[in-house]
Structures are given as structure tokens and as C-alpha cells.
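Colleague: Sharing a structure, written as C-alpha cells. Questions coming.
Residue numbers (the numbering used here), protein chains in the order written: chain A, 2 to 479; chain B, 2 to 338.
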């Protein structure tokens with residue numbers, strides 16, 4: 002019982018830490034590129050609305066980056082404090098991947114973010130632009146290496162076990178493991194969607210409190226455009242990822258679908274309460290054949306059910322069904338809401354494009370065209386990307402259980418024998434700190450948005466000197 | 002001390018131990034000064050505090066990354082040692098992590114949150130810096146005591162915790178001497194003088210305790226002929242301390258000459274103390290329990306990391322120097338424009 006308690010508490014602690022952590026890289030990965038876009042548009046047009054957008058979002062970037070760094074350091078230590086078995090067993094694979102993440106990504110980001118944030122008036126324009134590019138590139142590299150490792154844990158290959166320890170046989174096979182391309186694309190798109198809706202939501206908030214500045218229009222359109230363009234791509238990519246999972250981790254797909262019996266023409270369970278005792282879904286609402294159609298692209302295709310993953314003594318060899326089933330539905334539901342809202346926003350902005358206040362000819366879209374309900378809906382959707390991303394990660398990570406590395410080692414094998422009360426103590430403290438920081442983070446974004454909407458964020462811009470600004474005062478000291 | 006370079010199972014662990022040692026040293030100096038600035042923070046006036054933040058703002062992120070590299074190298078090169086050390090140090094590691102979280106985010110929040118919350122974030126910035134330094138000092142003490150957990154070792158670790166926090170304040174003060182001017186520079190010189198005792202006692206305590214805990218280390222230092230080869234370490238350290246003391250009594254010099262010197266000499270002093278420690282513990286990574294050769298990951302995995310490191314680490318050093326060059330000179334308030 003002692004080990005079980007420590008195991009569950011350690012798992013909750015790791016889940017809490019990594020859930021908190023992933024929120025911020027999800028923002029910085031794509032926001033880096035969006036900032037680079039703003040920066041390039043400014044260099045091209047010398048239009049200071051792009052620089053204003055850059056300056057607003059670079060603050061959010063700095064804040065998110067700091068949150069990501071400190072929670073990431075926590076992760077790297079928890080491997081040792083709580084999960085020593087992981088590195089002892091698969092360290093020869095995970096080690097180099099993590100080392101390459103630190104060497105090719107962390108330092109790049111950490112060094113150039115200083116120049117990106119505080120170097121605008123100290124370095125030539127091209128170097129500032131290069132720094133912005135390198136920070137964005139660094140965050141993407143970081144995502145790449147960690148997704149490689151995570152994907153390898155789902156679909157391991159290119160190794161052999163010698164005396165219970167994994168040894169690499171082919172780095173190409175390890176890096177390009179079967180689920181890596183799908184997971185990486187899915188996560189990059191998730192990041193861009195998160196940022197698209199964040200930018201659109203915060204800009205809608207500024208618009209609703211009376212900010213009619215040109216940068217708010219540019220930002221709102223950029224955010225909505227990212228959302229509307231990428232959500233169909235993401236749905237398509239999610240489908241491909243699902244097919245890949247069906248091939249390599251059929252038990253996970255069965256849990257996602259809430260499918261107990263192997264069958265042809267399996268129904269799509271829209272709603273239901275999975276009951277692992279009775280091994281059925283209670284109060285299920287189903288669409289016949291649709292799950293088979295989605296996953297096999299044939300109405301009577303065969304899908305493997307959960308009951309095929311039970312040992313002879315009755316122990317389940319599949320993941321816990323309800324959390325996987327529900328988080329999958331939350332992810333898909335959020336995705337559908339993103340699709341409806343972003344397309345509605347584009348349609349309204351296009352249909353009433355003549356409403357543009359500035360009377361500038363040639364505008365395809367007008368923010369004035371957006372009805373109030375759409376604007377109000379965009380504000381809470383600012384964080385919809387977080388919900389979908391977390392739900393997606395819960396689906397895939399809980400869906401891998403009881404394995405830590407699919408087919409190689411179970412989660413239980415990796416846990417440290419730290420006394421349960423000690424883990425409970427640290428867990429509660431982490432939770433309290435993370436809750437407070439999350440509130441502070443959202444509060445500060447709202448505060449920065451209000452301040453920018455009032456126009457008192459210290460802007461008195463003279464962009465005359467070749468990209469170098471002479472600015473009144475905009476210091477973190479303000 | 003040198004490995005057999007014909008045998009990968011011998012020179013790879015040695016190389017990785019050296020790389021890890023180097024990144025810990027770089028971390029201790031670089032994050033040492035910015036943690037120290039955080040510890041000195043409440044002693045300054047609000048306007049000076051913004052200047053102090055300005056002196057570390059562009060660097061702290063990269064400084065902390067050396068810790069990630071160090072713990073990363075421990076993790077990837079010596080996975081077994083990583084697990085043993087970190088699960089033994091569960092609580093101090095936790096305190097350090099909470100400290101790093103608080104100070105890292107307070108850094109950003111104090112500048113961006115509503116003015117009425119600034120004081121709160123200032124306090125958290127100080128608290129986080131202090132917690133981090135104390136926790137690292139505590140871990141250093143326990144490590145020297147061979148990771149034994151008794152009342153006596155805890156008492157020793159508490160002492161090293163205080164000494165390291167004061168030592169970080171010292172190197173932080175020498176950094177500020179270089180990066181500030183006027184009244185704040187005068188204060189920094191005084192802080193440097195007043196915290197030098199932490200460095201002296203810290204180095205003294207570690208130097209005395211290490212050979213007493215293990216006869217192996219005792220013999221390593223005090224048997225002939227090593228004692229002669231090693232004598233430059235304590236002698237140079239003593240000279241550095243005297244030099245620092247004399248400088249800090251006379252500074253700032255006219256026209257701000259040699260304002261960089263105290264920080265440079267402190268870095269040298271930290272490096273000397275560190276080399277001494279590394280000599281004591283080699284070849285053990287977990288004191289008296291696990292050597293780097295026993296704990297090392299498979300040679301083929303280490304080799305693939307090393308190939309990358311050979312290209313990447315010089316690049317990292319290069320662009321870190323670029324960043325320090327861009328932000329050279331006296332610190333100003335940080336501006337995003």
C-alpha cells in the first residue's frame with residue numbers, strides 16, 4: 002500500500018507539474034513566430050502598429066517564457082527526485098535526446114531572449130530581428146526534441162534491451178519513430194491555435210473596453226486568421242494521428258472511443274459514462290458505424306475493443322477508460338467550438354467589410370463587422386487552446402498507462418521510494434503555488450490589456466532612426 | 002587523474018564529469034551573482050532596486066540554463082547517480098525549486114503587474130533568491146558529509162547554507178560594483194566588504210570538513226608529494242582574499258578604474274575552491290559510494306552527446322559572450338524599446 006500511495010501521489014505531482022508547465026511553452030512556441038511576423042511586418046512597412054503589437058505581446062512572451070523556464074527546471078529535477086527508474090532503464094535513449102534539447106534549444110532561447118527583450122535600442126535592427134527569429138527557432142527546437150522523446154515512449158524502436166537496460170541501436174529509428182511526425186505536427190498546430198485564440202481573445206477584450214487603435218485591429222485579424230486557417234488543418238492532423246495510434250496503441254483508441262467489445266461497424270459514442278466494473282457505457286448516446294468509419298474509413302470496419310486487453314487473471318492491461326474517454330471529448334468539443342467561432346468571425350468581418358471606420362479602400366475584412374456576441378465569445382476562448390491542449394495530452398498520456406514506455410517499462414517500475422507523506426507535502430505546496438501563479442498570470446495579462454487599451458503604456462514613439470526607437474519610458478520598473 | 006584515452010569506457014565518463022563540473026562552476030559564478038543581487042535587494046532604495054534588476058535582467062535566464070545543463074549532464078551521463086543524489090536530497094531540492102520558481106516569475110511580475118502589487122513581488126523576488134541560495138548551500142553541506150543524514154550533518158549543512166547565501170551576496174555585490182555607479186556603487190562596495198566573511202568561512206568550513214569526513218580525501222591532500230603540488234590552491238585562495246579585502250576598502254577608484262576587478266578575482270576564488278572540491282571527490286560522483294565510471298551511461302549514448310557538445314558548447318559560449326558584450330557597461334533601467 003505504501004508504494005501504491007507514493008506511486009499515485011508521485012503521478013499526480015508529475016501530472017500537476019507538467020500540466021502547469023505545458024501551458025507556457027504552448028504559448029511561447031507559436032508566439033515567438035507571431036512576434037517574428039510582427040517584427041518583419043514592421044521592418045517591411047515601417048508602420049508602427051506592428052511595433053505596438055510587437056511591444057504588447059513581447060511582454061506576454063517574457064512572462065510566459067519565465068513561467069515556462071522555472072516550471073521546466075522543476076521537471077528536470079523531478080526525473081531524479083520521483084522517477085529515478087525512468088533514466089536507469091531508458092536513460093541511454095532519453096539522455097541524448099534531453100541533452101540535445103538543452104544544448105540546441107535552451108541556451109539559444111535563454112541567451113537571445115535577453116537581446117530580444119532589452120536590446121532593441123542597443124543592437125542594429127537586423128540583429129534584433131535575428132534574435133527574435135532565434136528565440137522562436139529555439140522554442141521550436143525544444144518542442145521537437147521533447148516530442149521525439151515523448152513519441153518514443155509511445156512508439157519505441159531502434160533499441161535493444163541488455164540486462165534490463167535499453168541501449169540505442171539506431172538513432173534515426175529512435176528520432177523518426179512512428180508517432181513522432183504526427184505528434185509534432187499536432188502539437189505545433191495546437192500551439193499556433195492557442196496563440197491565435199489568445200491574441201484574438203485579448204484583442205477582443207481591448208476592443209470591447211473601447212480600444213479602437215490600429216494595432217488592436219491588426220492583432221484581432223491576425224489572431225482570428227491563425228485560428229480560422231489552422232483549425233481545419235488541425236482536425237485533419239488529429240485524424241491522421243488517431244489512425245497512427247490505432248495501429249500502435251489500439252487499447253488507447255478503444256478507451257478514447259469507449260469501445261468495450263471488438264466489433265465491425267462500431268458506433269461513435271457521443272455521450273456515455275464508462276463503467277469499468279460493468280464493462281459498459283451507461284446512458285450511452287451513439288451514432289451507429291461512425292467510429293469505424295472515422296478510424297477505418299469504412300462503415301463496417303473492425304475495431305478492437307477494450308475486452309481484448311484483459312489478462313487471464315482479470316487485470317486490465319488497458320488504460321483507465323473514463324479519464325481517456327472524457328478528455329478526448331473535451332479536446333474534440335473545444336476544437337469544434339474553435340472552428341465555429343473563428344469561421345463565424347471571419348464571415349462577419351468579410352460580410353460587413355464596408356463598415357471599416359478608417360474608410361481605407363481595399364480592406365477585405367472589418368473588425369467593426371463583428372457582432373457583440375462574437376466578441377464576447379472570443380474573450381473566454383482566449384484560453385481555449387489551453388483546455389484543448391491539456392485534454393489532448395491527458396488523452397495520450399493516460400492512454401499509454403499502465404506503461405511508461407509502451408511495452409518496455411510500466412510507470413510503477415520507475416517510481417522513487419520516497420515516503421508518501423513527503424510527496425503529499427510537496428504536492429500540496431506545488432498546487433498552491435501553481436494556482437496562485439496562474440491567477441496572477443491571467444490577472445497580469447488582463448491588466449496589461451487594460452493599460453494598453455487606455456494608451457498609457459508609455460508609448461511616445463519616434464521610429465525615425467533606422468529601426469531604433471527613441472522612446473519615452475517603458476521600463477519593467479514602471 | 003587523467004583517464005586512459007584509448008578506452009571509451011574510461012575517457013567518456015571522465016570527459017562528461019569534467020563537462021558537468023565546468024557547467025556547475027559556471028552556474029555557481031553566474032547564477033551566484035544574480036542570486037546574490039536578489040539577496041541584497043531589500044537593502045536598496047526602490048529606484049536602486051530597478052537598477053539592480055537592470056544589471057541582471059538580460060542574463061539571469063541564460064545563467065540558470067547552466068543549472069539545467071549541469072543537472073541534465075548528471076541525468077544523461079550518470080543516470081544512477083542522478084537518481085541516488087536527488088531522491089536523497091528530495092526536500093532541499095524542492096525548496097530550491099520553489100525558490101527558483103518564485104524569483105524567476107517575480108522578476109517578470111514585479112515589472113508588469115499593477116503598481117500596488119509590486120512590493121509583494123519584490124518580497125517574493127528576495128525570498129526566492131534566498132531560498133535558492135540556502136537550499137543549494139544545504140545540499141552542498143550534505144554532499145560533503147557523504148549524503149549522510151544525521152543531526153551533525155544537518156548542523157553542518159545549515160552552516161554551509163548560510164555561508165553560501167552570504168558568499169552569493171558577496172559575488173553579487175562585486176557584480177554590482179562593476180555594473181553600477183554613484184550611491185549604489187558605494188553601497189555595493191560596502192556590501193562586498195561586509196559579506197566577505199561568508200566566503201572565507203564557507204571555503205574554510207568545506208576545506209576543513211572534507212578531509213575529516215573521509216580518510217581517503219585526507220590522504221589525497223596531505224600525503225607527500227601531493228601536498229606540494231596542491232599547495233598553490235590554498236596559497237592563491239588566501240592571496241585572492243587579501244587582495245579583495247584591500248580593494249574593497251579603497252574602492253571605488255578614481256574614474257571608476259578596475260571596477261571589474263573584484264568580480265574577476267571573486268570568480269577566480271570560487272574557481273580555486275571548486276577545483277579543490279573536485280579534486281577531493283574525484284572519482285566519486287556519489288561520495289564514497291559510486292564512481293563516475295560505475296555510474297556512467299552506455300558509451301555509445303555518451304558519444305552521440307559528445308559529438309553534439311563539441312560543436313554546440315563553443316557556440317553557446319560564443320553567443321553568451323556576445324550577449325554580455327551587448328549589455329556591457331553600467332546598468333540602466335531595463336527597457337523593452
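Using N, Cα and C, we set each Cβ at its ideal position, and we do this for glycine too.
Residue 319 of chain A to residue 398 of chain A, Cα distance in whole Å?
Modeller: 12 Å
Colleague: Hey, out of A:203, A:210, A:94, whose CA is closest to residue 380 of chain A's CA?
Modeller: A:203
Colleague: Around the C-beta of residue 456 of chain A, are 16 or more other C-beta atoms found within 10 angstroms, so that it is buried, or is it exposed?
Modeller: exposed
Colleague: What residues from chain A crowd round residue 253 of chain B, counting only those whose CB sits closer than 8 Å?
Modeller: Neighbours of residue 253 of chain B on chain A: none; closest Cβ ~24 Å, over 8 Å.
Colleague: So which of A:196, A:150, A:117, A:76 has the shortest CA-CA distance to residue 384 of chain A?
Modeller: A:196
Colleague: Short of 6 Å in beta carbon distance, which residues of its chain neighbour residue 277 of chain B, apart from the five on each side in sequence? Order them along the chain.
Modeller: If the five residues before and after residue 277 of chain B are omitted, its C-beta is found closer than 6 Å to the C-beta atoms of 234, all from its own chain and listed in chain order.
Colleague: Can you tell me where the alpha helix (DSSP H) holding residue 286 of chain B begins and where it ends?
Modeller: Taken as a continuous stretch (DSSP letters only), residue 286 of chain B belongs to no alpha helix (DSSP H), being part of the beta strand (DSSP E) at 285–287.
Colleague: So that I know if they touch, is there some Cβ in chain A lying closer than 8 Å to that of residue 320 of chain B?
Modeller: yes
Colleague: Which class does residue 285 of chain A belong to by DSSP, given the choice of helix, strand or coil?
Modeller: strand
Colleague: Check whether the Cβ atoms of residue 415 of chain A and residue 405 of chain A lie closer than 8 Å to each other.
Modeller: yes
Colleague: Which residues in the same chain have their Cβ closer than 8 Å to the Cβ of residue 249 of chain A, if we skip the five residues on either side of it in sequence?
Modeller: 155, 156, 179, 180, 407
Colleague: If I measure Cβ to Cβ from residue 140 of chain A and keep anything under 8 Å in the same chain, skipping five residues before and after, which residues do I get?
Modeller: 26, 29, 30, 33, 106, 110
Colleague: Nearest-angstrom Cα distance between residue 171 of chain B and residue 187 of chain B?
Modeller: The straight-line gap from Cα to Cα measures roughly 14 Å.
Colleague: Could you work out which residue in A:114, A:55, A:23 is closest to residue 75 of chain A when comparing CA atoms only?
Modeller: Nearest of A:114, A:55, A:23 to residue 75 of chain A, Cα basis: A:23.
Colleague: Could one say the Cβ of residue 80 of chain B lies closer than 8 Å to chain A's Cβ atoms, at least one of them?
Modeller: yes
Colleague: I'd like to check one pair, residue 185 of chain A with residue 237 of chain A: are the Cβ atoms closer than 8 Å?
Modeller: no
Colleague: With the cut-off set at 8 Å, would you say residue 303 of chain B and residue 78 of chain B are in Cβ contact?
Modeller: yes
Colleague: Roughly how many whole angstroms lie between the Cα atoms of residue 360 of chain A and residue 57 of chain A?
Modeller: Low confidence applies to residue 360 of chain A: its pLDDT is 49, below 50, so where it sits in the model is not reliable, and the reading given next is rough at best. In this structure, the straight-line span from the alpha carbon of residue 360 of chain A to that of residue 57 of chain A is close to 26 Å.
Colleague: Mind listing the chain A neighbours of residue 115 of chain B? Cutoff is C-beta to C-beta under 7 Å, in chain order.
Modeller: 448
Colleague: What whole-angstrom Cβ distance do residue 287 of chain B and residue 148 of chain B have, given they're in contact under 8 Å?
Modeller: 7 Å
Colleague: Which residues bound the alpha helix (DSSP H) around residue 242 of chain B?
Modeller: 233–251
Colleague: Between the stretch 85–104 of chain B and chain A, which residues of the former have a C-beta closer than 9 Å to a C-beta of the latter?
Modeller: Only those residues of the stretch 85–104 of chain B whose C-beta falls short of 9 Å from the nearest C-beta of chain A are listed: 85, 86, 87, 88, 90, 91, 92, 94, 95, 97, 98, 99, 101, 102, 103, 104.
Colleague: Would you tell me roughly how many angstroms separate the C-alpha atoms of residue 275 of chain A and residue 303 of chain A, rounded to the nearest one?
Modeller: 21 Å
Colleague: List the residues of chain A whose Cβ lies closer than 7 Å to the Cβ of residue 302 of chain B, in chain order.
Modeller: 93, 96, 97, 169
Colleague: Are residue 218 of chain B and residue 281 of chain B touching if we call contact CB-CB under 8 Å?
Modeller: yes
Colleague: Can you pull the DSSP bridge partners for residue 161 of chain A?
Modeller: For residue 161 of chain A, which the question treats as bridged, DSSP gives the partners A:168.
Colleague: Does DSSP put residue 146 of chain B in a helix, in a strand, or in coil?
Modeller: coil
Colleague: Count the other CB atoms within 10 Å of the CB of residue 80 of chain B; is the residue buried (16 or more) or exposed (fewer)?
Modeller: buried
Colleague: Out of B:6, B:132, B:91, which one is the CA nearest neighbour of residue 33 of chain B?
Modeller: B:132
Colleague: I'd like the span of the beta strand (DSSP E) that includes residue 275 of chain A, first residue to last.
Modeller: 269–276
Colleague: Within 10 angstroms of its Cβ, does residue 97 of chain A collect 16 or more other Cβ (buried), or is it exposed?
Modeller: buried
Colleague: If contact is defined by three or more beta carbon pairs under 8 Å, each pair taking one atom from either stretch, is the stretch 241–261 of chain A in contact with the stretch 270–284 of chain A?
Modeller: yes
Colleague: When you check each C-beta in the stretch 171–182 of chain A against every C-beta of chain B, which residues fall closer than 8 Å?
Modeller: 172
Colleague: Got a sec? Which residues, its chain only, sit under 6 Å from residue 322 of chain B by beta carbon, not counting five neighbours each side?
Modeller: none
Colleague: Roughly how many angstroms lie between the CA atoms of residue 24 of chain B and residue 147 of chain A, to the nearest whole one?
Modeller: 22 Å
Colleague: State the CB to CB distance for the pair residue 332 of chain B and residue 180 of chain B, rounded to an integer number of angstroms; the pair is presumed to be in contact (CB under 8 Å).
Modeller: 4 Å
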